[in-house]
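Numbering (our numbering), first residue to last: -17 to 339. Note that beta-carbon positions come from the ideal geometry of N, C-alpha and C, so glycine has one too. Just below is one structure, and these are the notes that go with it.
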């Protein structure tokens, strides 16, 4: 009898221990869930803000911040907003709880926000992603330097995946024709496709310009399209663009050549010579912006009336040859998202300069 009683007591103790363990685990899980909801850790931000199919390392800028274009809300009573991403940096302002600001980047420690038209930093534990406040776009536009307001930029990522060998007039009223569009060059070492790189640069540039308040259109957002060079210029014409920028790569039998080059029409062009002064100034500013941002050879401006996309444009136009795919070192650079970002920052700076900002 005693033996049975002892066995019964042991069983009760075992059941009690198991129950306590489950309650303890459940309590721990609830606490962790509450903690995850109260802050905004890096892995959650990445899952929310980036395409899961994209390698996150390709979306990081040179300062180690993942790119963003959304809003965050402050948590806590008094939040330090600093001029640099470190706790020793000067404090720009103090923010209270539930204040909403635009976020332009983040890492596991700091969040970069836009205030008064400049970038500042908040410790990431003290912000959480939120929806845009009513009128946020208007507020953001007003915080952008005024000369960008209302400026329409059309970007043409040159070439495309599908070759169109049909012929079209090289310019209005011309009897000379050229192939409608090609796939472009292929890198000498890594086999980088020009049409793919052109679009990659164009997308980065579009994001940068939109952050500065420009209205931006792309002639294409996919590689698998069929849009002739004449039709691309027509997009800029239809949009009454303030500037038409065509992005392309270069190639040479001399694999040592490197650097950037801009192209525009000559002053004597029978098609749109009246746009020469504006287009030459635009080309000058874009090249200047790039060369001030990255260490690259400046190959100057080449004037030609043999490019269909230039000849059909009725708005200021510049073709930017960003680098040589025939140069193995430069091909590798052109494939780098960090380099793309720096070049596009330079182009954006050049546009700001062109518009007198």
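CB-CB length for residue i against residue j, believed under 8 Å
i	j	result
residue 304	residue 268	Rounded, the Cβ-Cβ distance is 10 Å, inconsistent with contact.
residue 180	residue 166	7 Å
residue 80	residue 55	6 Å
residue 253	residue 140	Actually they do not touch by this definition, with Cβ atoms about 19 Å apart.
residue 290	residue 150	7 Å
residue 73	residue 63	7 Å
residue 270	residue 208	Between residue 208 and residue 270 the Cβ distance is about 35 Å, and since that is not below 8 Å, they are no contact.
residue 323	residue 186	6 Å
residue 210	residue 146	6 Å
Reduced DSSP category for residue i - H, G, I as helix; E, B as strand; rest coil
i	result
residue 274	helix
residue 109	strand
residue 47	coil
residue 135	strand
residue 87	strand
residue 250	coil
residue 296	coil
residue 225	strand
residue 244	strand
residue 343	Here the chain has residues from -17 to 339 only, and residue 343 is not among them.
residue 344	This structure does not reach residue 344, given that the chain is present from -17 up to 339, and the question cannot be answered.
residue 324	helix
residue 204	coil
residue 211	helix
residue 334	helix
residue 177	helix
residue 101	strand
residue 147	strand
residue 172	coil
residue 152	coil
residue 260	helix
Residue of the options minimising C-alpha distance to residue i
i	options	result
residue 333	139, 185, 191, 157	191
residue 239	159, 183, 90, 309	309
residue 66	59, 60, 75	75
residue 330	188, 56, 171, 78	188
residue 315	259, 295, 231, 266	231
residue 46	88, 173, 61	88
residue 247	100, 277, 288, 148	288
residue 99	73, 149, 193, 182	193
residue 229	249, 251, 235, 178	178
residue 222	296, 257, 115	296
residue 293	205, 219, 108, 148	219
residue 51	280, 116, 77, 86	86
residue 245	173, 299, 323	299
residue 282	255, 258, 241, 276	241
residue 312	197, 266, 173, 225	173
residue 77	108, 115, 48, 337	108
residue 337	49, 132, 146	132
residue 306	320, 243, 276	243
residue 335	320, 321, 272	272
residue 237	321, 171, 320, 110	171
Distance between residue j and residue i (C-alpha atoms, nearest Å)
i	j	result
residue 215	residue 112	39 Å
residue 286	residue 274	25 Å
residue 161	residue 318	30 Å
residue 212	residue 106	48 Å
residue 227	residue 60	45 Å
residue 263	residue 328	15 Å
residue 163	residue 84	40 Å
residue 93	residue 234	43 Å
residue 159	residue 148	9 Å
residue 96	residue 103	9 Å
residue 260	residue 195	21 Å
residue 251	residue 278	30 Å
residue 326	residue 256	28 Å
residue 225	residue 57	42 Å
residue 49	residue 280	29 Å
residue 175	residue 71	43 Å
residue 44	residue 184	18 Å
residue 258	residue 284	12 Å
residue 101	residue 53	14 Å
residue 266	residue 276	16 Å
residue 197	residue 156	32 Å
residue 110	residue 206	38 Å
residue 217	residue 249	23 Å
residue 320	residue 114	28 Å
Near the ligand COA: residue i beta-carbon under 7 Å from a heavy atom
i	result
residue 159	What this structure holds is no ligand at all, so the ligand COA is not there to describe.
Can at least three beta-carbon pairs, one atom from the stretch 196 to 211 and one from the stretch 135 to 143, be found at a separation below 8 Å?
-> yes
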